[in-house]
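Protein chains: 2
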Amino acid sequence: MRDFIFYNPTRIVFGRGKTSEIGELTAAYGSRILLVHGRESARKTGLLTKVIRSLAEAEVDVVESGGVKSNPVLSFARKAISLFRKTNREAVVAVGGGSVIDTAKTVAAGACYDGDAWDFYCGKAQVQKAVPVLAVLTLAATASEMNDGAVMTNEETGQKFSCGGDALFPKVSILDPENTFTVPLNYSMYGAVDAIVHLLESYFNATDPDTPLQDRFVEGLVQTIKESAEIIFREPHHYQARANLMWAATLGLNGLAPAGVGGEGYPMHMIEHALSALYDVPHGAGLGIVAPAWMRYQCYSAPQKIAQFGERIFGFRVGSPEEKAKKGIRALEIWLQSIGVPIRLQDIGIPLDDIAKIAANAEMNARRWKMEKYRIELIKAILSLATIPRC
Amino acid sequence: MRDFIFYNPTRIVFGRGKTSEIGELTAAYGSRILLVHGRESARKTGLLTKVIRSLAEAEVDVVESGGVKSNPVLSFARKAISLFRKTNREAVVAVGGGSVIDTAKTVAAGACYDGDAWDFYCGKAQVQKAVPVLAVLTLAATASEMNDGAVMTNEETGQKFSCGGDALFPKVSILDPENTFTVPLNYSMYGAVDAIVHLLESYFNATDPDTPLQDRFVEGLVQTIKESAEIIFREPHHYQARANLMWAATLGLNGLAPAGVGGEGYPMHMIEHALSALYDVPHGAGLGIVAPAWMRYQCYSAPQKIAQFGERIFGFRVGSPEEKAKKGIRALEIWLQSIGVPIRLQDIGIPLDDIAKIAANAEMNARRWKMEKYRIELIKAILSLATIPRC
Numbered sequence: 001m002r003d004f005i006f007y008n009p010t011r012i013v014f015g016r017g018k019t020s021e022i023g024e025l026t027a028a029y030g031s032r033i034l035l036v037h038g039r040e041s042a043r044k045t046g047l048l049t050k051v052i053r054s055l056a057e058a059e060v061d062v063v064e065s066g067g068v069k070s071n072p073v074l075s076f077a078r079k080a081i082s083l084f085r086k087t088n089r090e091a092v093v094a095v096g097g098g099s100v101i102d103t104a105k106t107v108a109a110g111a112c113y114d115g116d117a118w119d120f121y122c123g124k125a126q127v128q129k130a131v132p133v134l135a136v137l138t139l140a141a142t143a144s145e146m147n148d149g150a151v152m153t154n155e156e157t158g159q160k161f162s163c164g165g166d167a168l169f170p171k172v173s174i175l176d177p178e179n180t181f182t183v184p185l186n187y188s189m190y191g192a193v194d195a196i197v198h199l200l201e202s203y204f205n206a207t208d209p210d211t212p213l214q215d216r217f218v219e220g221l222v223q224t225i226k227e228s229a230e231i232i233f234r235e236p237h238h239y240q241a242r243a244n245l246m247w248a249a250t251l252g253l254n255g256l257a258p259a260g261v262g263g264e265g266y267p268m269h270m271i272e273h274a275l276s277a278l279y280d281v282p283h284g285a286g287l288g289i290v291a292p293a294w295m296r297y298q299c300y301s302a303p304q305k306i307a308q309f310g311e312r313i314f315g316f317r318v319g320s321p322e323e324k325a326k327k328g329i330r331a332l333e334i335w336l337q338s339i340g341v342p343i344r345l346q347d348i349g350i351p352l353d354d355i356a357k358i359a360a361n362a363e364m365n366a367r368r369w370k371m372e373k374y375r376i377e378l379i380k381a382i383l384s385l386a387t388i389p390r391c
Numbered sequence: 392m393r394d395f396i397f398y399n400p401t402r403i404v405f406g407r408g409k410t411s412e413i414g415e416l417t418a419a420y421g422s423r424i425l426l427v428h429g430r431e432s433a434r435k436t437g438l439l440t441k442v443i444r445s446l447a448e449a450e451v452d453v454v455e456s457g458g459v460k461s462n463p464v465l466s467f468a469r470k471a472i473s474l475f476r477k478t479n480r481e482a483v484v485a486v487g488g489g490s491v492i493d494t495a496k497t498v499a500a501g502a503c504y505d506g507d508a509w510d511f512y513c514g515k516a517q518v519q520k521a522v523p524v525l526a527v528l529t530l531a532a533t534a535s536e537m538n539d540g541a542v543m544t545n546e547e548t549g550q551k552f553s554c555g556g557d558a559l560f561p562k563v564s565i566l567d568p569e570n571t572f573t574v575p576l577n578y579s580m581y582g583a584v585d586a587i588v589h590l591l592e593s594y595f596n597a598t599d600p601d602t603p604l605q606d607r608f609v610e611g612l613v614q615t616i617k618e619s620a621e622i623i624f625r626e627p628h629h630y631q632a633r634a635n636l637m638w639a640a641t642l643g644l645n646g647l648a649p650a651g652v653g654g655e656g657y658p659m660h661m662i663e664h665a666l667s668a669l670y671d672v673p674h675g676a677g678l679g680i681v682a683p684a685w686m687r688y689q690c691y692s693a694p695q696k697i698a699q700f701g702e703r704i705f706g707f708r709v710g711s712p713e714e715k716a717k718k719g720i721r722a723l724e725i726w727l728q729s730i731g732v733p734i735r736l737q738d739i740g741i742p743l744d745d746i747a748k749i750a751a752n753a754e755m756n757a758r759r760w761k762m763e764k765y766r767i768e769l770i771k772a773i774l775s776l777a778t779i780p781r782c
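Here is the structure:
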């Protein structure tokens, strides 16, 4: 086990109908809040009305900032920060998935900072302070509801970067599985893929070869997410599957999986962020393409852990490590396709000629996070593996 | 999944040599602290000197309250509270295992309360406030270092009761596996048993029959604890095994395992507390006796989950649920004996005539925690199963 610090003070309120508690929970942190939400879905499903009613009952004054899109953009966050200040708010309530919560976090930190919020993302400033953030989650995927990170795209520079800091942990997150019933099926599946790949990042990139505790934690969550996604794909209103996926996705990036493994970054996410930044690909769809390709690359130098994945997740118990690893990757691809997730660049219409451009963008991420190994030629090679029709 | 609230704000600082950070970490919470520790071991090993030096370097003023015994007693805590007040302390630093940390928590809450600290344990008062507690852990077992609970024995009434409350979460706990190298082997093994039984309580007492995520979490930790204990039994200074056991035991009762399973209390602990209260049996040794007996009882009405335990932990894949369950229990007993843990009342010299007295004491616990099912006759029946030489 490597040395680590684990800290996660977010309070999770999990269960059917818990949305109605948002007012009372928010009132403990402020009586004037900015309500950040997405484009239309929370309004259409009646969730937004429910949240606003609960806030009103708790005498919390609401200013709305709606319209966050997936792959959230800096320009929106900047406007929301200015609205936050102008209307003298005390806290931010997010109603949505990771994009909305990440925007809320950017507003919460930006409102306490004299410079531009992008400074946190490009490394010019550290998040030191933020107003309280509370969240009502609508998509099981990013775990932003229980971590200290945020991701934002700067449309001017074409960069999708992330930032973090203790002040960004939401104070409270409400996880009501029924709020995910109406998520479109493709986005539900992309969310499951995002959660799985979060877990695999620390699993495959551990610097300690001997982490039985964390391995089992990851494997148990990946199995649960996989089973739950399969059930949801057939039956989108299945409460138990939605609940299991929701809690598993939250645990997938709340700091537990990497604690003690001494991880070497998030290369699959780092490469995918280039796809999202350049083509506005849904993040989970991009990961369906990048993850198997990266795993094939990783297989050349370090097949052991991929073999363990093949064995423990997909049941390949015979053969050499290389064989088990390759079978595992192929089984993952077949599984991704079975739930409608793309696995090759051409599946989402990205011309193969763009690989150099994508790799150059991904290299910016790699430099930002000091992942020295990932230079443009290597990233191009990995992306090329995401173009071969049948590996 | 059942509804739940999960909240755990303790900061874990894990790793080799982290003990030296206690001074700096403490200084953020106060400059005058009460240092609570056990009888001799922390002094003998030099750990106490290391802690005091680190506190001195951070200009933290120390008053010592040493001599906590395992199965910690109320009289000691009362004296420590009075010392805390008299010397105008701001925070409590615990150096020890669960008994020391539980005592520190009792002092921290008692110092903020006008009445007697036992009020928290007998249910007369709720813990509302406590001064900060920090811990340097020396025994992997109770997870008190990362939860909001404490257990205390009142020698006057012969009651071993527990209490809880958000204010009791330690602010920071240092988990330095090297600090557990010198724990006597029998206590190291009792600690492993305690951690395993914490996990099995929510696993076997879930009210939701369908909790794949929590099941896998528990099974992964139990397997890791089991493997680590076996290594430590042969090689007490094995860093990785000590590290895995330490983190697994902490995760074993930090609120994650029961989250969402809708558990029905901790009957094995409830019965064991009577043994500790009446005979000062080491808690983990008592659990080695009570757990298999309770599992045999549970097997009559609900063999399924015990069968799952037999299958996933001990590999019994064939036979009826009853057969797999019974094989699993017997395998657990054999394993406990293999690491020197008693499994029958007579193994620790308790006369079988005492069963009625033990059951009466356990019934007090059951009433305190509103576990209506556990009345004296049932508890006697369970304890009787802990006397049969070979089940």
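Protein sequence lines correspond, in order, to chains A and B. Once you know that position 314 of the first sequence is 314 in this note's numbering, the rest is easy, because the numbers rise by one and skip nothing. In short: position in the second sequence from 1, add 391, done, that's this note's numbering. All C-beta atoms in this analysis are idealised placements derived from N, C-alpha and C, irrespective of residue type, glycine included.
Proximity to residue i [Cα-Cα], best of the options
{"i": "D493 (chain B)", "options": "B:G458, B:K515, B:G540", "result": "B:G540"}
{"i": "Y7 (chain A)", "options": "A:F217, A:S99, A:M146", "result": "A:M146"}
{"i": "E264 (chain A)", "options": "A:N186, A:V222, A:Y374", "result": "A:Y374"}
{"i": "S188 (chain A)", "options": "A:H238, A:R78, A:G220", "result": "A:H238"}
{"i": "V218 (chain A)", "options": "A:T250, A:T10, A:E272, A:R53", "result": "A:T250"}
{"i": "V563 (chain B)", "options": "B:T615, B:G414, B:G549", "result": "B:G414"}
{"i": "K696 (chain B)", "options": "B:A447, B:E714, B:I741, B:A753", "result": "B:E714"}
{"i": "T138 (chain A)", "options": "A:K18, A:K357, A:Y29", "result": "A:K18"}
{"i": "P561 (chain B)", "options": "B:R703, B:A716, B:I730, B:Y420", "result": "B:Y420"}
Residue i: contacting residues in chain A (beta-carbon distance under 9 Å)
{"i": "D585 (chain B)", "result": "Near D585 (chain B) there are no residues of chain A at all, since even the closest Cβ is about 17 Å away, more than 9 Å."}
{"i": "L612 (chain B)", "result": "L213, R216, F217"}
{"i": "E618 (chain B)", "result": "P212"}
Chain A within 8 Å of residue i, Cβ atoms only
{"i": "D394 (chain B)", "result": "yes"}
{"i": "Y398 (chain B)", "result": "yes"}
{"i": "E655 (chain B)", "result": "no"}
{"i": "N479 (chain B)", "result": "no"}
Backbone CA spacing between residue i and residue j [nearest angstrom]
{"i": "I231 (chain A)", "j": "P209 (chain A)", "result": "34 Å"}
{"i": "C503 (chain B)", "j": "A521 (chain B)", "result": "6 Å"}
{"i": "I382 (chain A)", "j": "I343 (chain A)", "result": "13 Å"}
{"i": "E40 (chain A)", "j": "G96 (chain A)", "result": "11 Å"}
{"i": "F395 (chain B)", "j": "P627 (chain B)", "result": "38 Å"}
{"i": "G406 (chain B)", "j": "S65 (chain A)", "result": "44 Å"}
{"i": "T371 (chain A)", "j": "M1 (chain A)", "result": "Residue identity check: residue 371 (chain A) is Met in the sequence provided, not Thr. Approximately 22 Å, taken between the alpha carbons."}
{"i": "Q614 (chain B)", "j": "N88 (chain A)", "result": "53 Å"}
{"i": "V51 (chain A)", "j": "N179 (chain A)", "result": "12 Å"}
{"i": "L727 (chain B)", "j": "Y581 (chain B)", "result": "9 Å"}
{"i": "A386 (chain A)", "j": "G288 (chain A)", "result": "10 Å"}
{"i": "W294 (chain A)", "j": "D215 (chain A)", "result": "19 Å"}
{"i": "V388 (chain B)", "j": "A753 (chain B)", "result": "Nothing can be reported for residue 388 (chain B): it is not among the residues displayed for chain B, which extend from 392 to 782."}
{"i": "N462 (chain B)", "j": "R687 (chain B)", "result": "27 Å"}
{"i": "A331 (chain A)", "j": "I196 (chain A)", "result": "14 Å"}
{"i": "R32 (chain A)", "j": "L25 (chain A)", "result": "13 Å"}
Closer than 8 Å at the beta carbon, the chain A residues around residue i
{"i": "D601 (chain B)", "result": "Q240"}
{"i": "F405 (chain B)", "result": "M1, D3, F4, I5, F6, A259, G260"}
{"i": "E768 (chain B)", "result": "Here the premise fails: no neighbours, minimum Cβ distance about 36 Å."}
{"i": "A634 (chain B)", "result": "M1, G260"}
{"i": "R402 (chain B)", "result": "I5, F6, Y7"}
Chain B within 8 Å of residue i, Cβ atoms only
{"i": "A206 (chain A)", "result": "no"}
{"i": "W247 (chain A)", "result": "yes"}
{"i": "T138 (chain A)", "result": "no"}
{"i": "E178 (chain A)", "result": "no"}
{"i": "T142 (chain A)", "result": "no"}
{"i": "T224 (chain A)", "result": "yes"}
Minimum Cβ-Cβ distance from residue i to chain D less than 8 Å
{"i": "K717 (chain B)", "result": "No chain D appears in the structure shown, which is made up of the protein chains A and B."}
Residues of the segment 410-422 of chain B whose Cβ lies closer than 8 Å to any Cβ of chain A, in chain order: Per Cβ criterion, the list is empty.
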